[in-house]
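Heads up: the protein sequence lines correspond to chains A and B, in order. Read in order, the letters of the first sequence are residues 1 to 186 in my numbering. Read in order, the letters of the second sequence are residues 1 to 603 in my numbering. All C-beta atoms in this analysis are idealised placements derived from N, C-alpha and C, irrespective of residue type, glycine included. On a predicted model such as this, the values are computed, not experimentally measured, just so you know. What follows is a short report on a single structure.
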Amino acid sequence: MLRRLSLLLVPACLFSQAGDPAASLDRVAEVATAMVDGDVCARIETPRSRSFATKKDPRDPWRGSDNYDVDDASFILTKKTLIRLSRLCAAACDVNLWMPLSSDSGKVQVVIRNVNEMSQFWPWGALNQEMPPEMKQVLGTGKRMTVRRKPGMISVLAPVYDSLGDINGLVEVVSRLRPDPRENVK
Amino acid sequence: MIPSRWVALLFCTVRLCAATDLTVLPDSFRFGPTGQVIEPDHTAGAEPAHKIVLEGARGGFVSCQLAATVSLGAYRLDIKPFAADSGLQVELFRQWFHYVPSAKGYFPDALVPVRVPHSATLPDPDNKVPGQTAQPYWVDIWIPATAAPGDFSTTARLDAAGTTVELPITVRVLAASIPAEDAIVIDHNSYGTSWFAGQYPKLVQKVGPGFYDSPEFYALIQAYHRVIYEHRGVFHQLGYGHAGKVGPEFAPQLAGSGKSKHIDNWRAYDRHYGPLLDGSAFATTRRGPHPIPFAYLPVNPEWPASQVSWGEPGYEREFVNVVSAMEHHFREKGWTNTRFELFFNHKKRYKGFSWDGDEARFAKDYEYMREYARLMKRAVPANSPVKFVFRADVSWTMERQFRDLAGVVNFWVCGGGMFNWYRDAARTLKERGDIVWTYGGTPPVTKPASQMTTDLLRTWLLGVGGFVRWQTVDPGEDPWFHFAGGGETLVYPGDRFGIAGPLASVRLKIQRNAIQDITLLNSLSGSRPLDALREAAAQRFNGAKVDEWWGTRPAFADTDPDDWSNATIDDATSAQAKFANNIDSNAWNRVRAYVMESAKEVK
Numbered sequence: 001m002l003r004r005l006s007l008l009l010v011p012a013c014l015f016s017q018a019g020d021p022a023a024s025l026d027r028v029a030e031v032a033t034a035m036v037d038g039d040v041c042a043r044i045e046t047p048r049s050r051s052f053a054t055k056k057d058p059r060d061p062w063r064g065s066d067n068y069d070v071d072d073a074s075f076i077l078t079k080k081t082l083i084r085l086s087r088l089c090a091a092a093c094d095v096n097l098w099m100p101l102s103s104d105s106g107k108v109q110v111v112i113r114n115v116n117e118m119s120q121f122w123p124w125g126a127l128n129q130e131m132p133p134e135m136k137q138v139l140g141t142g143k144r145m146t147v148r149r150k151p152g153m154i155s156v157l158a159p160v161y162d163s164l165g166d167i168n169g170l171v172e173v174v175s176r177l178r179p180d181p182r183e184n185v186k
Numbered sequence: 001m002i003p004s005r006w007v008a009l010l011f012c013t014v015r016l017c018a019a020t021d022l023t024v025l026p027d028s029f030r031f032g033p034t035g036q037v038i039e040p041d042h043t044a045g046a047e048p049a050h051k052i053v054l055e056g057a058r059g060g061f062v063s064c065q066l067a068a069t070v071s072l073g074a075y076r077l078d079i080k081p082f083a084a085d086s087g088l089q090v091e092l093f094r095q096w097f098h099y100v101p102s103a104k105g106y107f108p109d110a111l112v113p114v115r116v117p118h119s120a121t122l123p124d125p126d127n128k129v130p131g132q133t134a135q136p137y138w139v140d141i142w143i144p145a146t147a148a149p150g151d152f153s154t155t156a157r158l159d160a161a162g163t164t165v166e167l168p169i170t171v172r173v174l175a176a177s178i179p180a181e182d183a184i185v186i187d188h189n190s191y192g193t194s195w196f197a198g199q200y201p202k203l204v205q206k207v208g209p210g211f212y213d214s215p216e217f218y219a220l221i222q223a224y225h226r227v228i229y230e231h232r233g234v235f236h237q238l239g240y241g242h243a244g245k246v247g248p249e250f251a252p253q254l255a256g257s258g259k260s261k262h263i264d265n266w267r268a269y270d271r272h273y274g275p276l277l278d279g280s281a282f283a284t285t286r287r288g289p290h291p292i293p294f295a296y297l298p299v300n301p302e303w304p305a306s307q308v309s310w311g312e313p314g315y316e317r318e319f320v321n322v323v324s325a326m327e328h329h330f331r332e333k334g335w336t337n338t339r340f341e342l343f344f345n346h347k348k349r350y351k352g353f354s355w356d357g358d359e360a361r362f363a364k365d366y367e368y369m370r371e372y373a374r375l376m377k378r379a380v381p382a383n384s385p386v387k388f389v390f391r392a393d394v395s396w397t398m399e400r401q402f403r404d405l406a407g408v409v410n411f412w413v414c415g416g417g418m419f420n421w422y423r424d425a426a427r428t429l430k431e432r433g434d435i436v437w438t439y440g441g442t443p444p445v446t447k448p449a450s451q452m453t454t455d456l457l458r459t460w461l462l463g464v465g466g467f468v469r470w471q472t473v474d475p476g477e478d479p480w481f482h483f484a485g486g487g488e489t490l491v492y493p494g495d496r497f498g499i500a501g502p503l504a505s506v507r508l509k510i511q512r513n514a515i516q517d518i519t520l521l522n523s524l525s526g527s528r529p530l531d532a533l534r535e536a537a538a539q540r541f542n543g544a545k546v547d548e549w550w551g552t553r554p555a556f557a558d559t560d561p562d563d564w565s566n567a568t569i570d571d572a573t574s575a576q577a578k579f580a581n582n583i584d585s586n587a588w589n590r591v592r593a594y595v596m597e598s599a600k601e602v603k
């Protein structure tokens, strides 16, 4: 009886491995490292905008956000690549671009998000934020990392390289096990 | 010697008799849980009374608030119907006391409909207000357009502890009628429908996992439109997120890509919008079945065309094909009374797109709007009976956008504070056929109730067409016992009370009554100069002249907006604070008295 049950379980496990969402996301993340151009990414936020990123003004708490600006061509070029990468995922996913702040290496900011607005790291509305340890590790080692921080969500973080071979950003390839068609419609 | 227990009994009986009371306030002052006027509404003359006379024009409501004061135990409240031939109809609502931790107090706002006669107990075991001895009720009295002018009386009656208290209510119906179309549009904005699940847990559980595809779901959407419409407002639901995700019921289902992208089906869209756009969703209302006057389109930088093709022929083809099909569908359905808004809500700070659709600050972003205007022109036939408008919500650079986007944007929703700097703007924009509204927030329950009327009056005084309250359906996680104040809501989920729809609020009704007054006053402009009506209303509201409602264009308005900050803007708009923060509780009563006197004088 047990032997017969084992025979049934083996193909079930194989199927489960083949459909493993983390594996699918990891493959997309690997491709993203090859395809996303770190030099273009570095030009997305304008120098003027960067100068406001960490400035504090007690009379104007939104100063950084109100002055946030991007170079359109670099943004759109990269966003198109990220959208195309997301189409490689087996299920609905987003490919987000993250970059450390030039003025504060302990902080990171999401630079491009995509249509489903999924992320395990972005607190809604944050212009920039403390560097999560997982991102720090990816930026330091160049190794992809699978993250399951929030229930029902999987992200794979992968490095983005510039032409010098330096890691200057990372992508978050993220999916939900049970997508909600109305989530983030707000 | 009298036994002590008899003394105690005698004392209790006297106290019960003395404690049973029925008092009344006009709509503008609110009762607290012991039957006194709550602190924010304190002002000379704000005293509970034992009778009331309400004056109103035909085709509208008059309202008052009753407080049943009972020291302990059960009571019954009844209001006799008005004489049948009067046509007057009474509706009664129990007021919920919300505990606001930041103010450490209880404030009435949510209105639970009750039938008369109504039996209850005090303190209310559900509301759990410590020391509660009074339960306030909102009384709405509908005066139909066909009512005969004259005085009509009824009686409210409270029975408790063997005591009966009666309170006379007289409604003086004027010969004047409130026009069906309001002088100003008060818009109530909201975002998506995902919040239904959190606000209606009982309904969602009852319907089951298919809730978001169920008749109950679509009925709930319509119920929100209906409650706002009944209160002379407009309800808006934005159906997409900051990176372009569209809720299934806010857009037709698409299929294909590039030149083959097309509308696959209209099932969810038509279930959602059909009854709203043909007006049938409002068939049971007193105002009658009218199509919603405005609706957001689902169009955004990612829908119907994907950003992956931005700037390429495929983007234009996807956009034009789908929007053309939408125009065709709307035309076939006869949905030609609604303005469909092309509106971009995204901000680049949220990292979905490279430009600001909402409150654009940088001039380079205008180019995107020009491109979308071009695409719309390609998609919509010039002679289409379907009304498409291009709406922009503007703040920082509104003055430049008025100039640079002339002929592109034709529906402006302007930040209220900065708009005051540009006193010629409303006239100039309206002269070229544009719609002009302003936007802002909603006074919380902790402010004087009269503050609900400030933005309404400003809208009318400045000659602006409408005012948008940017969020009106978010009462917070626990509106009942741990309330943030209601600055982002004017309705409450009825789920707690077994009602599959929204509850109106005291503030919503105060707002409705003020819209009626403004509309009635505006209608008198045929016999008196409109400017004189405005000056008189402004003077009664807070003693100011209309001119003072405008601000002064600051010198820095001529500098590069990139150099502005919120701090400098706040400094330049601070003079307007007297129109926001120092409005006394009687402000609207004075305006209403003027409206009624004026309406009586006009033959």
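Residue(s) in a DSSP beta bridge with residue i
i	result
G60 (chain B)	B:I143
E172 (chain A)	A:N96 and A:L157
S257 (chain B)	Beta-bridge pairing links S257 (chain B) to no other residue.
Beta carbon proximity, residue i to chain B, threshold 8 Å
i	result
G125 (chain A)	yes
E117 (chain A)	yes
V28 (chain A)	no
V185 (chain A)	yes
Y161 (chain A)	no
K150 (chain A)	no
V171 (chain A)	no
D37 (chain A)	no
K56 (chain A)	no
K107 (chain A)	no
D72 (chain A)	yes
Nearest neighbour of residue i, chosen from the options [CA to CA]
i	options	result
V111 (chain A)	A:V160, A:D26 and A:T141	A:V160
R553 (chain B)	B:G247, B:D570 and B:E318	B:D570
G311 (chain B)	B:H328, B:R287, B:A74 and B:G258	B:G258
V308 (chain B)	A:K55, A:T78 and A:M35	A:T78
D547 (chain B)	B:D558, B:N582, B:R534 and B:F93	B:R534
T285 (chain B)	B:A223, B:V323, B:A243 and B:V322	B:A223
K51 (chain B)	B:T155, B:H242 and B:K104	B:T155
V185 (chain A)	B:E216, B:A426, B:F250 and B:D584	B:F250
I263 (chain B)	B:R232, B:V116, B:N321 and B:G288	B:N321
N96 (chain A)	A:S24, A:T141, A:E134 and A:Q109	A:Q109
P100 (chain A)	A:R50, A:S175 and A:S163	A:R50
H188 (chain B)	B:V602, B:G498, B:T442 and B:G274	B:T442
N345 (chain B)	B:V246, B:A219 and B:E327	B:V246
L456 (chain B)	B:A46, B:A183 and B:V165	B:A183
Residue i to residue j span [Cα, whole Å]
i	j	result
A567 (chain B)	D60 (chain A)	6 Å
S214 (chain B)	V207 (chain B)	8 Å
L5 (chain A)	P123 (chain A)	Residue placement at L5 (chain A) cannot be trusted, given a pLDDT of 42 that sits under 50; the coordinates are not used to answer.
L66 (chain B)	I435 (chain B)	41 Å
S86 (chain A)	V173 (chain A)	8 Å
R27 (chain A)	I83 (chain A)	15 Å
D140 (chain B)	R63 (chain A)	46 Å
A90 (chain A)	I154 (chain A)	13 Å
T428 (chain B)	V464 (chain B)	11 Å
A49 (chain B)	L22 (chain B)	9 Å
R458 (chain B)	E318 (chain B)	42 Å
P561 (chain B)	K143 (chain A)	44 Å
Any C-beta of chain A under 8 Å from that of residue i
i	result
Y212 (chain B)	yes
R317 (chain B)	no
G258 (chain B)	no
E91 (chain B)	no
P293 (chain B)	no
G543 (chain B)	no
E302 (chain B)	yes
4-residue-minimum alpha helix (DSSP H) runs that sit fully inside the segment 40 to 80 of chain A, ordered along the chain: Within the segment 40 to 80 of chain A, the complete alpha helix (DSSP H) segments of 4 residues or longer fall at 47 to 52 and 63 to 66, listed in chain order.
Contiguous alpha helix (DSSP H) assignments of at least 4 residues, all confined to the segment 267 to 331 of chain B: Annotation note: the segment 267 to 331 of chain B contains the following uninterrupted alpha helix (DSSP H) runs of length 4 or greater, listed N- to C-terminal: 267 to 277.
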